[in-house]
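Enquirer:
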Ligand SMILES: NC(=O)c1ccc[n+]([C@@H]2O[C@H](COP(=O)([O-])OP(=O)(O)OC[C@H]3O[C@@H](n4cnc5c(N)ncnc54)[C@H](O)[C@@H]3O)[C@@H](O)[C@H]2O)c1
């Protein structure tokens, strides 16, 4: 047991560093600063660093508690951000929370950010430090990438001169603070000591259960829980397509299915986006040589096809209104991947827009949380032939359909999120199609 490090954590005199100040790293840094630790955050994006250092959160969506917390810990001097990795020379514990995407074509892990962060850290690592990887990584990455990269760049020996833990995050944008504070966490140590020391540190912030295990298990748990979700969503999406084809209503079917014991059918929808669910299934299978994983691959295919299905619904709805897709004007409502969030990574709307453009439509996009598209909603709808709901942002839940109808050139709505009431839409004279529901 590294008693010196443990003692510093217990007395809150340990210096912390957080590498990567995004959706994960920023709230993690701010919460440990509030718990009384001196925290330095490191990122490569200058604009983000200066925004954070002036106490302003770079995250634009609804994020309860984050803006106030950040202001508080920056003005108290407990948290500052920098580009300079030499700040790590003084850090007893280092969290790594950089992005870990997969290559668009090969679907293999793209660890450019991770390797860069590890190498820069290795050159500045304090002897005896604890390094905690919070980023989601493919099974075996701690052993095959993290350990050798830090060893070779630092000249230090793992499990003797520095210690390794993988503690994957479970948060969702919109609930960053709440999730970190309340969710159970898997703390995978390369040694039992490392896991125990990390758990002592996490206890200052995390009220949820801390499950101590090894690195490989932690890698497998995180990627499995998101692959599981992807497969479950794909199932719901497939049933939605079946319901449309046979004249059923998936929303009613789902509600009744879930009355059967042990059934927890998820919600179908217009697509799966974000930084996590679309790539974590690929991370899970990345190093599983000889395993084809047809179920996981099929789930990815189904979920990726949903925005294209929405495009088909747009074509059908327009046709019903006597219009062709070529030359039609379509308003896409929502560009983030999640309601009330500004996160546009792997946006299903991007796939829909590309398809609609291919079909010769003229597309206008609105999203209150994405600065590029955050114009006036009613102005966006003016002169449009069809509005497609892709994201259930609050602003769209309160839509004034009367005002909308007056501004549009044709009265056509496609609902990709089951937010609008079909009977009401029809009674107001809209041609209305909803995912998972036959007309
Ligand atoms: N966003 C989520 O909901 C979520 C949830 C759970 C887990 N995760 C995982 O956490 C990790 C981070 O995700 P995120 O959403 O916070 O990503 P993000 O893109 O919001 O943040 C990553 C940050 O790391 C910075 N960065 C990149 N390379 C760097 C380097 N070499 N040195 C310093 N900073 C660097 C980027 O500039 C960026 O600010 C990923 O592995 C993701 O899978 C994300």
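Numbering (the numbering used here), first residue to last: 922 to 1360.
Even for Gly, the Cβ is constructed at its ideal location relative to N, Cα and C.
Source: prediction; values computed, not measured.
Heavy atom of ligand 1 less than 6 Å from the Cβ of residue 942, yes or no?
Expert: Yes - ligand 1 has a heavy atom lying nearer than 6 Å to the Cβ of residue 942.
Enquirer: From the DSSP output, which residues share a beta bridge with residue 953?
Expert: None, per the DSSP bridge assignment.
Enquirer: Quick one: is the Cβ of residue 963 within less than 6 Å of any heavy atom of ligand 1?
Expert: yes
Enquirer: Counting pairs of beta carbons, one from the stretch 1195-1212 and one from the stretch 1159-1169, are three or more of them closer than 8 Å?
Expert: no
Enquirer: What's the C-alpha gap between residue 1058 and residue 1031?
Expert: 10 Å
Enquirer: Identify every residue that forms a DSSP beta bridge with residue 1250.
Expert: 1283
Enquirer: Give a yes or no on whether the C-beta atoms belonging to residue 1041 and residue 1006 are separated by under 7 Å.
Expert: yes
Enquirer: In the structure shown, what three-state DSSP assignment does residue 1321 receive?
Expert: For residue 1321, the secondary structure class from DSSP, reduced to helix, strand or coil, is coil.
Enquirer: Thinking just about the alpha-carbon of each residue, which of 991, 992, 1291, 938 is nearest to the one in residue 1004?
Expert: 938
Enquirer: At 3 residues or longer, and completely inside the stretch 985-1010: list those beta strand (DSSP E) runs for me, N to C.
Expert: Entirely contained in the stretch 985-1010, the beta strand (DSSP E) runs reaching 3 residues are, in chain order, 1000-1003.
Enquirer: Once you ignore the five residues that flank residue 1151 on each side, which residues in its own chain have a CB closer than 8 Å to its CB?
Expert: 1193, 1198, 1199, 1201, 1202, 1217, 1220, 1221, 1224
Enquirer: Which residues mark the beginning and the end of the beta strand (DSSP E) in which residue 1335 is found?
Expert: Per DSSP, residue 1335 belongs to the beta strand (DSSP E) from 1333-1336.
Enquirer: Between 1053, 1240, 1001, which lies nearest to residue 1115 when the distance is taken from Cα to Cα?
Expert: 1053
Enquirer: For residue 1185, does the count of other Cβ atoms within 10 angstroms reach 16, so buried, or fall short, so exposed?
Expert: exposed
Enquirer: Over the uninterrupted beta strand (DSSP E) stretch that includes residue 1074, give me the two end residues.
Expert: No beta strand (DSSP E) contains residue 1074, which is instead part of the alpha helix (DSSP H) from 1068-1075.
Enquirer: Any chance the stretch 1279-1294 sits against the stretch 1253-1271, with 3 or more Cβ pairs inside 8 Å?
Expert: The stretch 1279-1294 is in contact with the stretch 1253-1271.
Enquirer: Specify whether the stretch 1072-1089 and the stretch 1103-1112 touch according to this definition: at least 3 beta carbon pairs, one from each stretch, less than 8 Å apart.
Expert: yes
Enquirer: Quick check: residue 1352 and residue 1238, are their CB atoms within less than 7 Å of each other?
Expert: yes
Enquirer: Would residue 1013 be called buried (16 or more neighbouring beta carbons within 10 Å of its own) or exposed?
Expert: Its Cβ being crowded by 16 or more others within 10 Å, residue 1013 is buried.
Enquirer: How long is the line joining the alpha carbons of residue 997 and residue 971, rounded to whole angstroms?
Expert: 16 Å
Enquirer: Just to check, is the beta-carbon of residue 1034 closer than 6 Å to a non-hydrogen atom of ligand 1?
Expert: Yes, since a heavy atom of ligand 1 falls inside the 6 Å radius drawn around the Cβ of residue 1034.
Enquirer: Output yes or no for whether 7 Å exceeds the beta carbon distance between residue 1129 and residue 1145.
Expert: No, they are not a contact pair.
Enquirer: Just confirm the distance between the C-beta atoms of residue 1016 and residue 949, as a whole number of angstroms; I'd bet it's less than 8 Å.
Expert: 6 Å
Enquirer: If you follow the alpha helix (DSSP H) that residue 1024 is part of, which residue opens it and which one closes it?
Expert: Taken as a continuous stretch (DSSP letters only), residue 1024 belongs to no alpha helix (DSSP H), as it is neither H nor E.
Enquirer: Have a look at 1061, 1002, 1051, 1067 and flag the residue whose alpha-carbon is nearest the alpha-carbon of residue 1033.
Expert: 1067
Enquirer: Assuming residue 984 contacts residue 1097 under a Cβ cut-off of 8 Å, what Cβ separation, rounded to an integer in Å, is found between them?
Expert: 6 Å
Enquirer: Ligand 1 and residue 1095: does the residue's C-beta get closer than 6 Å to at least one heavy atom of that ligand?
Expert: no
Enquirer: Among residues of its own chain, excluding the 5 on either side of residue 1380, which ones have a beta-carbon nearer than 6 Å to its beta-carbon?
Expert: Because the chain is modelled from 922 through 1360, residue 1380 falls outside the range shown and cannot be assessed.
Enquirer: Exposed or buried, residue 1124, counting other C-beta atoms within 10 Å across all chains shown (16 or more means buried)?
Expert: exposed
Enquirer: Give me, in chain order, the residues of the same chain whose beta-carbon lies closer than 7 Å to that of residue 1366; leave out the 5 immediate sequence neighbours on both sides.
Expert: Residue 1366 lies beyond the residue range present for the chain, which begins at 922 and ends at 1360; the question has no answer from this structure.
Enquirer: What are the partner residues of residue 1084, as DSSP defines its beta bridges?
Expert: 1051
Enquirer: Under 6 Å from any heavy atom of ligand 1, does the C-beta of residue 1196 make it?
Expert: yes
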